[in-house]
Ligand SMILES: Nc1ncnc2c1ncn2[C@@H]1O[C@H](COP(=O)(O)OP(=O)(O)O)[C@@H](O)[C@H]1O
Ligand SMILES: [Mg+2]
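Rendered as structure tokens:
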């Protein structure tokens, strides 16, 4: 069942078009991430859904209730949209206690004092903040403040939760814990949520579906597995993982496969849409798909190992091809379980893991 749908949404800031025809749907019980580089329009889309920015064109519908439609000039004000919003900055009131912060949406809705207290305490317990109701925001850690912001968004049971980079103010270790907490909370409470993030790992871990935004348009959408495993463009392939990219020229295309040639190498891979023979192209492969071999085979390149870097759970190897000209130089990275001494290596780049896109 569709909880929220956005149809062909356009939004300008002054003369600057920021959303250029975005359409998306959120199913009930689903978590969708809006992913994309800084400035791609993620926050703007979230704010337009919330009613905090005025769109120019398009429609936003929640459960058959039209929130915005430029044709019928319908526009429900933000405070009547019944959406729970968690801002990137948390936006807690510094002079209100944790309990008062969380109670605020209930107070606005004129819920009775006694019920306010019960619901606030219930949320505090859900969020693992049971004993902190009387503290002020500055007496909390960053992770606790973030939970209070989530609590305030959840307290009146909105059908849809909107979160703008909810984890970006936390340090790396805490962010991983908070990510698991948030995923579990959303599932436990059966919420539908739209979460903005610029971090592809976070998007994959938390969401059922990802919308990748590129300059105000949806580049691709799908499950985390589809986005990571079957990108339709170089932009999506690059954004979703750690990659090696080799620039060359397409020498052959047949049966959905392309052969790309560069100075001293030739690779076969899946041909991206619109690819043509003779075109400049990028062959791209995830770092973890590169295998170290002992002899040359199809789709292998021979390169000198420059250095091994210890990453804790694995090693990362760096290979560099010097090439006759500066533009022929490139770097290939691979992972392995032990340190390696510098020297020539055969690297296998299996054709089923190489994508070829126009560049
Ligand atoms: N209030 C504003 N006034 C004018 N331009 C804005 C405003 N907010 C954002 N922008 C511009 O809109 C674009 C998209 O911004 P935003 O949605 O915040 O991106 P993201 O959240 O993906 O980083 C950027 O180019 C940004 O500079
Ligand atoms: Mg943003």
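Residue numbers (our numbering): -12 to 346.
All residues carry an ideal CB built from backbone N, CA and C; glycine is no exception.
For clarity, every value in this text was computed on a predicted model and none was experimentally measured.
Per DSSP, reduced to three states, the secondary structure at residue 55 is strand. According to the DSSP secondary-structure assignment, residue 280 is paired through a beta bridge with 333. For residue 306, the uninterrupted beta strand (DSSP E) segment begins and ends at 302 to 308. Counting only runs that start and end inside the region 126 to 198, the alpha helix (DSSP H) elements of at least 4 residues fall at 129 to 141, 159 to 175 and 187 to 193. Residue 151 has its CB nearer than 7 Å to a heavy atom of ligand 2. As DSSP reads the structure, residue 320 sits in a beta bridge with 305. Annotation for residue 313: no alpha helix (DSSP H) segment contains it, and DSSP assigns it neither H nor E. Residue pairing from DSSP places residue 204 in a beta bridge opposite 201. Taken in chain order, the complete alpha helix (DSSP H) segments of 4 residues or longer contained in the region 30 to 105 are 85 to 95. In this structure, the beta-carbon distance from residue 123 to residue 59 does not fall below 8 Å. A contact is defined here as three or more CB-CB pairs under 8 Å, and the region 136 to 150 meets this definition with respect to the region 61 to 79. Nearest to residue 79 by C-alpha distance, out of 3, 28 and 127, is 127.
CA-CA distance, residue 4 to residue 275, rounds to 38 Å. For residue 214, the enclosing alpha helix (DSSP H) covers residues 211 to 216. Excluding the 5 residues flanking it on each side, residue 119 has same chain C-beta neighbours closer than 6 Å at 85, in chain order. Between residue 37 and residue 149, the gap from beta carbon to beta carbon is short of 8 Å.
Membership of residue 221 in the alpha helix (DSSP H) is indicated by the continuous run 221 to 227. Going by DSSP, residue 263 is part of no beta strand (DSSP E) at all; its letter is neither H nor E.
If you check the CB distance, residue 256 and residue 341 come in under 8 Å. Comparing C-alpha distances from residue 136 to each of 163, 174, 90 and 95 shows the shortest one belongs to 90. The three-state reading of DSSP puts residue 274 in helix, counting H, G and I together. Excluding the 5 residues flanking it on each side, residue 214 has same chain C-beta neighbours closer than 6 Å at 197 and 227, in chain order.
Put simply, the backbone Cα of residue 203 is about 22 Å away from that of residue 65. Residue pairing of residue -3 in beta bridges, as defined by DSSP: 7 and 44. In this structure, residue 19 has its CB at a distance of at least 7 Å from all heavy atoms of ligand 2. Within 10 angstroms of the beta-carbon of residue 297 lie fewer than 16 other beta-carbons, which makes it exposed. Linking residue 94 to residue 18 through their CA atoms gives a straight-line distance of about 28 Å. Between the region 327 to 345 and the region 261 to 278 there are three or more inter-stretch CB-CB distances shorter than 8 Å, so the stretches are counted as touching. Assigned with DSSP and collapsed to three states, residue 12 falls in strand. Of the candidates 299, 220, 12 and 7, 7 places its Cα closest to the Cα of residue 27. Residue 292 sits away from residue 251, with the two beta carbons spaced by 8 Å or more. Residue 336 and residue 254 do touch by the CB rule: their CB atoms are close to 6 Å apart, below 8 Å. A straight line joining the alpha-carbon of residue 245 with that of residue 131 spans about 51 Å.
Spanning the alpha carbons of residue 114 and residue 168 requires a straight line of approximately 9 Å. Nearest to residue 106 by alpha-carbon distance, out of 81, 75, 76 and 140, is 140.
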